[in-house]
Amino acid sequence: MPTTSAWASPLWDYPVHKGTVLYLALEDDHRRLQERLYRMFGMDGTNDLLFSICAKQVGAGLEEQLKRFVQEHPDTKLIIIDTLQKIREAGGDKYSYANDYEVVGKLKRLADACGVCLLLVHHTRKQQADDKFDMISGTNGLSGAADGAFLLQKEKRTDDTATLDVVGRDQQDQRLYLTKDKEHLTWTLERMETELWVEPPDPVLEAVAAFITAERPSWSGTATELAAVLQVDMKPNALAMRLNVRAGKLAAEYHIHYENTRTHAGRSISLTLEPPQA
19 MPTTSAWASP LWDYPVHKGT VLYLALEDDH RRLQERLYRM FGMDGTNDLL
69 FSICAKQVGA GLEEQLKRFV QEHPDTKLII IDTLQKIREA GGDKYSYAND
119 YEVVGKLKRL ADACGVCLLL VHHTRKQQAD DKFDMISGTN GLSGAADGAF
169 LLQKEKRTDD TATLDVVGRD QQDQRLYLTK DKEHLTWTLE RMETELWVEP
219 PDPVLEAVAA FITAERPSWS GTATELAAVL QVDMKPNALA MRLNVRAGKL
269 AAEYHIHYEN TRTHAGRSIS LTLEPPQA
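Residues in the sequence shown are numbered from 19 upward in steps of one, following this note's numbering.
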């Protein structure tokens, strides 16, 4: 996963955003990392994939370290922490729901503030459960504070096949069947349990994208004025509400920043084209 983001190569046919990746390999050493990279890709490093084998803990300097890294590498897209246990605060209640929720919540707020994806590697329990995600070590506070979770499982420790179950707030539940390449230490996708549902284009967002272009990179005005220039069959207040709800998708897929503010003359909408960095 980290190399696909660093090199912008698809992961199991899923498109990937290119950017710098930081991997905190807190249970490894430099020799093991170099050997693994060489077996996987025939090289021992890349400028876009950076590693560290030590880091501070949550609430004791880790947040500042990661913020500084993102400031120094503004194209950062992915930070992987392996493992969560290595950066947890010490304390007698560290396995309580409240503490689990707080730890992951702090990291989620950091990821949101920095505009990056933060992937936490964590262990599972050996005991089976009706809900596979109940096998994640700790309480439900971990998954409750996160946006989603991946669960990689093998029937036997020596198996070359595994299933990857995926759940999340804004994504369809999915199961992927994987096979391990022992020589190169990589996983290949054999099949998916179900095909992902693809959301059809939103006609309002399509209209905004056709209006805000490189020739016209910004616009501001009222919802009434916007409805007129877009020529959409919607009342102004319904248009503003639609854009309020879809602002994230507008930014992620069309690279257009939407803002709805109140002024002395009433509410004002602004749209700004923010092309992705090369």
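Beta carbons: idealized from backbone N, C-alpha and C, even for Gly. Bear in mind the structure is a predicted one, so any value in this text is a computation, not a measurement.
A direct Cα-to-Cα measurement between Lys104 and Gln75 gives close to 7 Å. Partner residues in a beta bridge of Met252, as assigned by DSSP, do not exist. Using a Cβ distance threshold of 8 Å, Leu44 and Asp100 count as a contacting pair. If you look at Ser288, you'll find it in the beta strand (DSSP E) that goes Gly284 to Leu291.
Under the three-state reduction of DSSP output, Arg187 falls in the coil class, being neither helix nor strand.
With a threshold of 16 other beta carbon atoms within 10 Å, Asp188 falls short and is exposed. Counting only residues of its own chain and dropping the five nearest sequence neighbours on each side, Arg209 has a CB closer than 7 Å to the CB of Tyr195. If you look at Ser27, you'll find it isn't in any beta strand (DSSP E); DSSP assigns it neither H nor E.
Check the Cα spacing between Thr176 and each of Val185, Ser161, Thr197 and Asn158: the tightest is with Thr197. Among the bridge pairs identified by DSSP, Leu137 is matched with Ile98. For Leu125, the enclosing alpha helix (DSSP H) covers residues Tyr115 to Cys132. Residue burial is scored here from C-beta neighbours: Asp118 has at least 16 other C-beta atoms within 10 angstroms and is therefore classed as buried.
For Lys104, there is no enclosing alpha helix (DSSP H), as DSSP marks it with neither H nor E. Take the alpha-carbon of Ala245 and the one of Thr38: they are about 39 Å apart.
In the three-state scheme derived from DSSP, where H, G and I count as helix and E and B as strand, Leu268 is classed as helix.
Of Gly166, Glu90, Lys95 and Val247, the smallest CA-CA separation from Gly123 is found for Gly166.
DSSP places Gly162 within a helical segment (H, G or I) once states are collapsed to three.
Thr242 carries a helical assignment under DSSP once its states are collapsed to helix, strand and coil. If the five residues before and after Ala228 are omitted, its C-beta is found closer than 6 Å to no C-beta atom of its own chain. If you draw a straight line from the Cα of Leu261 to the Cα of Ala270, it is about 13 Å long. Residue Ala241 holds the alpha-carbon nearest to the alpha-carbon of Arg280 among Lys253, Ala241 and Arg106.
Distance check between Glu224 and each of Gln171, Val250, Ser27 and Leu160 places Val250 closest, using alpha-carbon atoms only. Under the DSSP assignment, Gln192 falls in the beta strand (DSSP E) whose first and last residues are Gln192 to Asp199.
DSSP lists Tyr41 as the bridge partner or partners of Phe69. The residue from Asp47, Gln83 and Arg54 with its alpha-carbon nearest to that of Thr204 is Arg54. Tyr276 is bridged by DSSP to Leu289. Taking C-beta separations shorter than 6 Å and ignoring five residues to either side along the sequence, the partners of Gln192 in its chain run Val184, following chain order.
With a contact defined as Cβ atoms closer than 8 Å, Val216 and Leu268 miss out at about 18 Å.
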